[in-house]
Structure formats: C-alpha cells, structure tokens
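Here's the structure we're looking at; comments come further down.
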Amino acid sequence: MEQDQLFRRDQSLSAKDNAAEVALLIAAHGERSPNATNEGVKRIARAVSAYGLVSEVAVGFINGVPTIGEAFAALAAPRVIVYPLFASSGYFTRDRLVQLLDVANEEGRDVDVLPPLGLDPRFPDLVLDRAAIVAREERFALDASTLILLAHGSRRNSASREATEQVARAIEHRAVFRSVGIALLEERPFLDEAMALVQGPAVVVGMFSGEGMHGASDAPRLIAELNRNDIVYAGAIGGVVGVDDLVAGSVTEAVRRVAPDARDGPTTS
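In my numbering, the protein residues as written are 1 to 269.
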C-alpha cells in the first residue's frame with residue numbers, strides 16, 4: 001500500500017493502551033477515473049490519525065485503490081474499526097462492504113463496522129453549517145433562502161432517500177433557513193422539480209461523501225441547467241471541514257465502548 005494511505009501512530013503505546021490494539025479502516029466508494037485522486041478521504045485519514053485514537057489508520061475503496069481487502073491486510077492490529085464514509089446505509093454499506101470485509105478477514109480478527117457518516121446524529125449540524133457559510137458568502141438572507149439537499153437516491157433501495165429526508169427534517173427543526181427540501185439524482189423529486197417550487201435564493205448541498213462524478217460533475221451541471229443566478233452549490237459534504245471531527249468522535253466512542261479482548265468474533269453495529 002502507498003505510504004500516504006496507511007498512517008501509523010508515532011507515540012509509544014503501552015500494552016495497557018487500548019489504542020495499541022486497535023486499527024481504523026476508513027471505507028469509501030472511491031473513483032477509478034484517471035483524474036481521481038481520492039484525496040479527500042486521505043485528508044480525513046491524516047486528520048483522524050493525528051488524534052492518536054488508534055495505532056493505525058488506513059483507507060480502502062470499493063471502487064478504487066487500495067481496495068478494501070488491500071487496506072485491511074495492511075493493518076496489523078487484532079481489532080479493526082471500520083468507518084463507512086457513506087451518506088446512507090444502503091447497498092454499499094450494508095451489503096457490499098460487509099462482503100468484502102468477510103473475504104478479507106481470513107484471520108478472524110475482531111471487526112467493528114460503525115454506522116456511516118450520513119447517520120451520525122451530528123451530521124445535520126455539519127450540513128447546516130456548510131450551507132449557512134455559503135449562503136452568507138453569497139449575501140443570501142438565511143431566513144429568506146431555501147436549502148436543498150441533493151442526494152443519489154435509487155429506485156431499488158430507499159436508504160439514500162430516507163437518510164436524506166431524515167437530515168432535512170433535523171435541519172428544518174433548527175429553523176435557520178426559510179425551508180429545507182431534498183432532490184435526488186435517480187428518483188423523484190429530481191432537482192428541476194424541487195427547484196420549480198422554490199422562489200428566491202437557494203443553496204444546494206451535495207450529499208455525497210466522495211469526490212466522484214455526482215458531487216463534482218453531475219450536481220454543478222444540473223444546477224447550471226436551471227439557468228438561475230440565485231442558486232449556489234455548496235459542494236459535496238464529504239469534502240468539508242469538520243468531517244474528520246465526526247469520524248474521530250465515532251471512533252473515540254467505539255474504542256471506549258469495548259476493550260480489545262471483550263468480543264468473541266467479528267461484529268457489525
């Protein structure tokens with residue numbers, strides 16, 4: 001594995017230090033396109049590694065390199081915490097990631113799969129903060145503006161839509177923006193349908209955890225096609241400052257929750 005994709009804790013660890021027995025694998029979708037660097041995930045890994053919560057931090061991708069299996073094999077600790085850097089608990093998190101981990105875990109190490117980024121109870125505030133910053137930069141009055149959460153969606157699996165609706169409801173309860181809605185790429189409401197109901201300025205946040213084509217290409221294109229100068233794109237949420245804090249918070253709770261030798265076998269949470 002490339003050096004910048006495996007991060008080891010520098011300070012000396014005693015045998016009584018739980019972190020000495022625990023590694024973290026940040027699992028993401030990833031991109032294989034020639035220009036894809038997946039740098040956003042690596043940046044998060046470097047930041048989380050600096051917290052010193054675990055002995056090692058690696059990144060692995062379902063669609064990219066290193067693979068989940070390669071990243072898992074590079075870790076030496078007997079216990080591995082897996083953090084899914086996904087916006088919902090859909091197919092990739094519940095099924096594909098678990099399958100890949102089962103194949104990689106030939107040694108039967110203790111594997112603890114945490115809830116994904118998009119289900120973190122602190123996630124709505126991160127989205128809201130990002131949207132508010134962008135709105136203020138554009139001189140949009142928050143109480144006169146609409147926030148639209150643009151997610152992937154799927155006609156076959158409702159997880160993406162349901163997770164996005166949950167975040168939208170949580171943000172709406174904060175009563176910062178005039179209104180909060182959702183739009184989806186692969187099912188209704190599509191962005192043009194959602195925006196047809198919006199009068200006045202709007203901020204669109206991409207509910208994408210990586211730097212793939214949906215957040216970097218599809219979202220800006222769809223917004224441009226609306227031909228409105230009162231709509232601004234706040235980018236993909238996976239790349240904003242603060243994601244590493246959410247990851248670190250979840251990992252801290254996982255390390256403290258169970259001592260390294262307290263589990264009988266691989267589990268998911």
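We put the beta carbon where it would ideally sit given N, CA and C, even for glycine.
All values derive from a computational prediction rather than experimental measurement.
Item	Value
Candidates Glu107, Arg46, Gln166 and Ala27, of which the one nearest asparagine 63 by Cα	Ala27
Buried or exposed (CB count within 10 angstroms, at least 16 for buried), leucine 114	buried
Start and end residues, beta strand (DSSP E) containing alanine 87	Element bounds for alanine 87: n/a, residue is neither H nor E.
Buried or exposed (CB count within 10 angstroms, at least 16 for buried), threonine 164	buried
Whole-number beta carbon distance between alanine 219 and glycine 206, since they are thought to touch under 8 Å	5 Å
Alanine 74 and alanine 50 closer than 7 Å at C-beta	no
Buried or exposed by the 16-neighbour rule on C-beta atoms within 10 Å, applied to asparagine 229	exposed
DSSP-derived helix/strand/coil call for leucine 184	strand
Same chain only: Cβ atoms within 6 Å of leucine 147, ignoring 5 sequence neighbours per side	Ala131, Phe177, Val180 and Val203
Sheet register partners of phenylalanine 61 (DSSP bridge)	Ala28 and Thr67
Residues of its chain near methionine 195, where Cβ-Cβ distance is below 8 Å and the 5 sequence neighbours each way are ignored	Ile148, Ala183, Ala202, Leu226, Arg228 and Ile231
Cβ shell of glycine 249 (< 6 Å), same chain only, five flanking positions each side left out	none
Distance, alanine 47 Cα to serine 55 Cα	14 Å
Residue(s) in a DSSP beta bridge with arginine 79	Val22 and Asp110
Three-state secondary structure (DSSP) of valine 48	helix
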